[in-house]
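Enquirer: Dumping the structure here so I can ask a few things about it.
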Amino acid sequence: MLAMMGAMDEEIELLLADLQEREELARPGGVLYRGVLDGVPVLLTKGGIGKVNAAMTATSLLTAGATRVIFTGVAGGVHPELRVGDIVVSTDLVQHDVDVTALDYPLGTLPGEAPSWTADEHLRAVALAAAHEVEGVRVREGRVASGDQFIASREGVQRLWTQFGAACAEMEGAAVAQVCAKAGVPFVVIRSVSDTADHDAQVDYRTFMPLVARHAKQVVRGMLARLKVPAGA
Ligand code: ADE
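Here it is as structure tokens:
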């Protein structure tokens, strides 16, 4: 089953409002909603903020039968050309707050783990096609950098750009990617830029969240239309 997940209420409430035949599955850390959206059977949930919550919720989704995972939400833009309202479709994901360099592991890499996790090619293509349909929005593919930090400084942005080549910064995607990759479940992360992760980030984030959450919702609806299996097929 297709699963969709966000970190915060604002990131899933627009989808939840339209979920038909809604059932609630209580799980540690939160509720999974099962139902039908635009004719597609889906699981939908809010995972909470940060990598641990994201990993836990992704695991719950997989246990409940998720076979593809779309993470949707907002991010701070890191690529210099990104502006508020733009959409980033993940190529791959890294954990920018991991540092085991003292033991000679590359920055961002945990011992025994991949240095990054690549999003599914088909889901990426579908996300890109859907994103290009959202009016007035610019779309970019790129690396998503996740960490348990809200980035709100020029230095922070510069670090993620030079050390990781990140397009945007958020707090969950790589954890979802790591869980899905280990389970062999295709995933993609779609992020609307709510701020440019600099000194105005806190203000922009709160101001633009409702607008960019709508963009993210439109991308997911466009994806559902493309992923729909015709009845009887
Ligand atoms: N999510 C939205 N904006 C962000 C930022 N600047 N840093 C981390 N996560 C974010």
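Using the working numbering, the first residue of the sequence shown is number 80, and each one after it goes up by one.
No residue lacks a Cβ here, since even glycine has one placed at the ideal position from N, Cα and C.
Quantities reported herein were computed from a predicted structural model and do not represent experimental measurements.
#1: Could you say which of Arg238, Leu104 and Ala105 lies nearest to Asp176 if we only look at CA atoms?
#2: Do you know offhand how far Phe229's Cα is from Met83's?
#3: Taking only the alpha-carbon atoms, compute the straight-line gap between Ala86 and Val299 and give it to the nearest angstrom.
#4: If you check the beta carbons only, do Ala328 and Asp171 fall under 9 Å apart?
#5: Helix, strand or coil: how does DSSP classify Lys307 here?
#6: For a test of the three-state rule: what should DSSP assign to Arg219, helix, strand or coil?
#7: Restricting to Cα atoms, I'd like to know which of Arg219, Met288 and Ala262 is closest to Glu160.
#8: Can you find at least 3 beta carbon pairs, one from the segment 280-295 and one from the segment 102-120, that sit closer than 8 Å?
#9: Going by the beta-carbon positions, is the gap between Val264 and Phe150 smaller than 9 Å?
#10: Count the other CB atoms within 10 Å of the CB of Ala280; is the residue buried (16 or more) or exposed (fewer)?
#11: Does the beta-carbon of Glu251 have 16 or more other beta-carbons within 10 angstroms, so that it is buried, or is it exposed?
#12: Measuring CA to CA, which of Glu234, Phe243, Gly235 and Ala209 is closest to Gly221?
#13: Cutting at 8 Å between CB atoms, please list the residues of its own chain near Asp283, excluding the five before and the five after it.
#14: Name, in chain order, the residues that DSSP records as bridge partners for Pro120.
#15: Alpha carbon to alpha carbon, how far is Val223 from Arg217? Give it in angstroms, no decimals.
#16: Which partner residues of Ser271 appear in the DSSP bridge assignment?
#17: Given this structure, state the Cα-to-Cα distance separating Ala292 from Leu207, to the nearest angstrom.
#18: Using CA coordinates, which residue listed in Cys259, Gly301, Met302 and Arg233 is at the minimum distance from Gly155?
#19: Between Val205 and the rest of its own chain, which residues show a CB-CB distance below 7 Å, the 5 nearest in sequence each way excluded?
#20: With Gly85 as the anchor, note down where its beta strand (DSSP E) starts and where it stops.
#21: Identify whether Gln25 lies in helix, strand or coil by the three-state DSSP scheme.
#22: Whole angstroms is fine: what's the gap from Ala254's alpha carbon to Val131's?
#23: In terms of residues, what are the limits of the beta strand (DSSP E) holding Gln99?
#24: Less than 6 Å between C-beta atoms, sequence neighbours within five positions excluded: which residues of the same chain meet that for Val167?
#25: So what does Gly109 bridge to, in DSSP terms?
Expert: In short, the structure shows the following:
#1: If we check each option's Cα against that of Asp176, Arg238 comes out closest.
#2: Spanning the alpha carbons of Phe229 and Met83 requires a straight line of approximately 23 Å.
#3: Computed Cα separation, rounded: 15 Å.
#4: The requested residue 328 does not occur in the structure, where the chain is confined to residues 80 to 312.
#5: Lys307 falls in the coil class under three-state DSSP.
#6: Residue state, collapsed to three classes: strand.
#7: For Glu160, the nearest C-alpha among the options comes from Arg219.
#8: In this structure the segment 280-295 does not touch the segment 102-120; the number of beta carbon pairs closer than 8 Å is below three.
#9: It is not a contact, given that the beta carbons lie outside the stated cut-off.
#10: Around the CB of Ala280, 16 or more other CB atoms lie within 10 Å, so the residue is classed as buried.
#11: Its Cβ being crowded by 16 or more others within 10 Å, Glu251 is buried.
#12: Looking at the Cα atoms, Phe243 is the closest of the given residues.
#13: The beta carbon of Asp283 sits closer than 8 Å to the beta carbons of Val163, Ser273, Asp274 and Thr275 from its chain, once the five residues preceding and following it are set aside; these are given in chain order.
#14: Among the bridge pairs identified by DSSP, Pro120 is matched with Val115.
#15: Roughly 17 Å between the two C-alpha positions.
#16: Bridge partners of Ser271: Val153 and Ile166.
#17: Answer to the nearest angstrom: the Cα atoms are 17 Å apart.
#18: Residue nearest to Gly155 within the set Cys259, Gly301, Met302 and Arg233 is Arg233 (criterion: CA-CA distance).
#19: Met302, Arg305 and Leu306, listed in sequence order.
#20: For Gly85, the enclosing beta strand (DSSP E) covers residues Leu81 to Gly85.
#21: Past the edges of the chain, shown from 80 to 312, lies residue 25, and the structure says nothing about it.
#22: Computed Cα separation, rounded: 7 Å.
#23: For Gln99, the enclosing beta strand (DSSP E) begins and ends at Gln99 to Arg106.
#24: Excluding positions up to five away in sequence, the list reads Arg219, Gly221, Ala246, Cys247 and Arg270.
#25: DSSP, once it has assigned bridges, lists Arg106 as partnering Gly109.
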